[in-house]
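A.B. asks: Take this structure first; my questions come after.
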Amino acid sequence: MKFTFVTSLISILALTAVKAEDDQAILSALRSGEIIPNILPVFDPSTDFEVTYVNRPMNFGTEYFPFKNETDNLPTFKYEADSDDFYTIALIDPDAPSRANPFRSQVRHWLSVNIPGNNVAAGNSTGTPYLAPRPFPGCGRKRFVYVLAKQESNMPNLSVSAARPNFNIANFAEDNNMEIIGANYFEVEAQPGATCTIPGAQPSSTTPSSSPSSSPSSTPSSSASSTPSSTPSDIKSDTKSNSNSKSSAASGTSNTITLFTTLVSLLFLGVAIN
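See below:
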C-alpha cells in the first residue's frame with residue numbers, strides 16, 4: 001500500500017516536472033521573439049496553443065507567405081479547454097507599420113470572444129472580423145501574435161472600438177478579467193519598397209521604415225511590418241532578450257534536476273519501506 005502511494009506520488013511529480021519544463025520552453029521562445037515582456041506580460045501557459053496555417057504548424061516565429069495566399073483564411077486552432085468555460089482569441093500586429101516605427105501598434109487583426117470551449121466557430125468577433133496579414137511594401141519583416149485568454153464568464157455585451165490600430169491586448173484582457181493562458185506568433189516579409197507606405201495616410205506616415213514618427217494615423221490599418229533595427233538600443237534589447245531566454249532555460253533545467261532528485265529519493269524510500 002505504501003509502495004503504491006509512493007509510486008503515485010512519483011508519477012505526479014514527474015508530470016509536474018515535464019509541465020514546468022514545457023512552460024519554460026514556451027516562455028523562453030516568447031522572450032526570444034520579444035513578445036514577452038514588450039507585448040505580453042509573463043503568464044502561466046496552462047495549455048499548448050497550436051496554430052496551423054496551410055497545414056504548416058506555427059512554432060514561435062514560423063515564416064508564412066501572405067503573397068502566396070498562405071494567411072488569407074483563419075488558421076486552425078488546438079488547445080485544452082473546458083466545454084463549460086469561455087475563451088478569447090486575438091490576432092494582433094505589434095509592428096505597425098514597421099518594427100522600427102510601430103506608431104500604430106497594436107493593430108487588431110482579429111478578436112473573437114465568448115468561444116465555448118474549443119468551438120472557435122461559435123465565438124463572437126466583436127465587430128473585428130479576420131483581416132488577413134498582408135504588410136505594406138517596404139515595411140520589412142513583421143511579427144503577428146495570436147493570444148489565447150480564458151474568460152471568467154460569458155460576456156455577451158463585450159465590445160471594442162471600431163478602430164483597429166493602437167489596440168492593447170494585455171490591457172484588454174486585464175480590463176475584462178481575462179487570464180492569458182497561451183500565445184504563439186509568426187513572421188512575414190513585406191514586398192520590397194523604398195519606403196514603408198500606408199495607403200491613405202498623411203505624408204508624415206509615408207516614411208522609411210527606420211524613420212521615427214510620433215503621431216498615430218486615424219485610418220484603420222490592415223497590417224504592419226517588422227524590419228529589425230540596427231541601432232545600438234535594439235542591439236542591447238536583443239542581447240537582453242537572449243540573456244533572459246538563457247536564464248529562463250537554465251532555471252527550467254535546474255527545477256527539472258531538483259524534481260528528478262526528489263523522484264529518485266522517493267523511489268528509494270518506497271523500496272526501503274517495503
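Residue numbers for the sequence shown follow UniProt numbering, so the first one is 1 and each next one is one higher.
Glycine included, every Cβ here is placed at the ideal spot set by N, Cα and C.
Check whether the segment 99–108 and the segment 132–151 are in contact - that is, three or more C-beta pairs closer than 8 Å.
C.D. replies: Judged by Cβ distances under 8 Å, the segment 99–108 makes contact with the segment 132–151, as three or more pairs qualify.
A.B. asks: Who does Asp93 pair with in a DSSP beta bridge?
C.D. replies: Partner(s): Val107.
A.B. asks: Taking 8 Å as the threshold (C-beta atoms), are Tyr87 and Tyr146 in contact?
C.D. replies: For Tyr146 and Tyr87, no; Cβs fall outside 8 Å.
A.B. asks: Across which residues does DSSP place Gly182 in a beta bridge pair?
C.D. replies: Note: Gly182 sits in a beta bridge opposite Leu148.
A.B. asks: When we look at the beta-carbon of Ala162 and count the other beta-carbons within 10 Å, is it buried (16 or more) or exposed?
C.D. replies: Classification of Ala162: exposed, given that the 10 Å Cβ count is below 16.
A.B. asks: In whole angstroms, what is the alpha-carbon distance linking Asp95 and Arg134?
C.D. replies: Those two C-alpha atoms are separated by around 12 Å.
A.B. asks: Near Ala122, what residues of its chain come up, given a Cβ to Cβ distance below 6 Å and the 5 sequence neighbours on each side ignored?
C.D. replies: Correct list, in chain order: Pro116.
A.B. asks: Which residue spans inside the segment 67–92 form an unbroken beta strand (DSSP E) run of at least 3?
C.D. replies: Here the runs fully enclosed are 76–78.
A.B. asks: Can you give me the C-alpha to C-alpha distance between Ser153 and Asp85, rounded to a whole angstrom?
C.D. replies: Distance between the alpha carbons of Ser153 and Asp85: 7 Å.
A.B. asks: Please report the straight-line C-alpha distance between Ser46 and Ala81, rounded to a whole angstrom.
C.D. replies: Going from the Cα of Ser46 to the Cα of Ala81 covers about 10 Å.
A.B. asks: Less than 8 Å separating the beta-carbons of Phe136 and Ile198?
C.D. replies: The answer is yes: Cβ separation under 8 Å.
A.B. asks: Does the distance between the C-beta of Phe77 and the nearest non-hydrogen atom of the ligand ATP fall short of 7 Å?
C.D. replies: As for the ligand ATP, it is missing from this structure, which has no ligand bound.
A.B. asks: Quick check on the DSSP output: the beta strand (DSSP E) that includes Glu34 runs from which residue to which?
C.D. replies: No beta strand (DSSP E) contains Glu34, which DSSP labels as neither H nor E.
A.B. asks: Starting from the C-beta of Leu158, find all residues in its chain whose C-beta is less than 8 Å away, skip the five residues before and the five after it, and write them out in chain order.
C.D. replies: The answer, listed in chain order, is Val113, Asn114, Asn124, Thr126, Asn176.
A.B. asks: What's the C-alpha gap between Ile39 and Ala170?
C.D. replies: Distance between the alpha carbons of Ile39 and Ala170 is about 7 Å.
A.B. asks: First and last residue of the beta strand (DSSP E) that includes Tyr130?
C.D. replies: From DSSP, Tyr130 is part of no beta strand (DSSP E); its letter is neither H nor E.
A.B. asks: What residue range is occupied by the uninterrupted beta strand (DSSP E) comprising Thr52?
C.D. replies: Here the beta strand (DSSP E) through Thr52 covers 50–53.
A.B. asks: Distance check for Phe60 and Ile181, CA to CA, integer angstroms please.
C.D. replies: For Ile181 and Phe60, the distance between alpha carbons rounds to 15 Å.
A.B. asks: May I ask you to report which of helix, strand or coil DSSP gives Val113?
C.D. replies: In this structure, Val113 counts as strand in the three-state DSSP scheme.
A.B. asks: Compare the beta carbon distance of Pro57 and Glu50 with 8 Å and say whether it is the shorter of the two.
C.D. replies: Yes. Within cutoff.
A.B. asks: Quick test of your reading: Phe77 and Val42, contact by CB under 8 Å. State the CB separation rounded to the nearest angstrom.
C.D. replies: That pair is no contact at about 23 Å.
A.B. asks: Using alpha carbons as the reference points, say which of Ser83, Asn118, Asp72 lies closest to His109.
C.D. replies: Comparing Cα-Cα distances from His109 to each of Ser83, Asn118, Asp72, the minimum goes to Asp72.
A.B. asks: Exposed or buried, which one is Ala68 when buried takes at least 16 other CB atoms within 10 Å?
C.D. replies: Just to set this straight, residue 68 is Lys in the shown sequence, not Ala. The residue is exposed, with fewer than 16 neighbouring Cβ atoms inside 10 Å.
A.B. asks: With burial defined as no fewer than 16 other Cβ atoms inside 10 Å of the residue's Cβ, what is the status of Thr128: buried or exposed?
C.D. replies: Answer is buried; the Cβ neighbour count reaches 16.
A.B. asks: Ends of the alpha helix (DSSP H) at Asp44?
C.D. replies: Note, Asp44: premise wrong, no alpha helix (DSSP H); not H, not E.
A.B. asks: Note down, in chain order, each residue of its chain lying with its Cβ closer than 8 Å to the Cβ of Met155, except the 5 sequence neighbours on either side.
C.D. replies: Closer than 8 Å at the Cβ level, and outside the excluded window around Met155, lie Phe86, Val113, Asn114, Asn176.
A.B. asks: Under a three-way DSSP split, which group does Asn176 fall into?
C.D. replies: Reduced to three states, the DSSP call for Asn176 is coil.
A.B. asks: Per DSSP, residue 276 is paired with what?
C.D. replies: One cannot answer for residue 276 here, as it falls past the ends of the chain, which runs 1 to 274.
A.B. asks: My output table needs one value for Val188: the three-state DSSP class, helix, strand or coil.
C.D. replies: Here Val188 sits in strand by DSSP.
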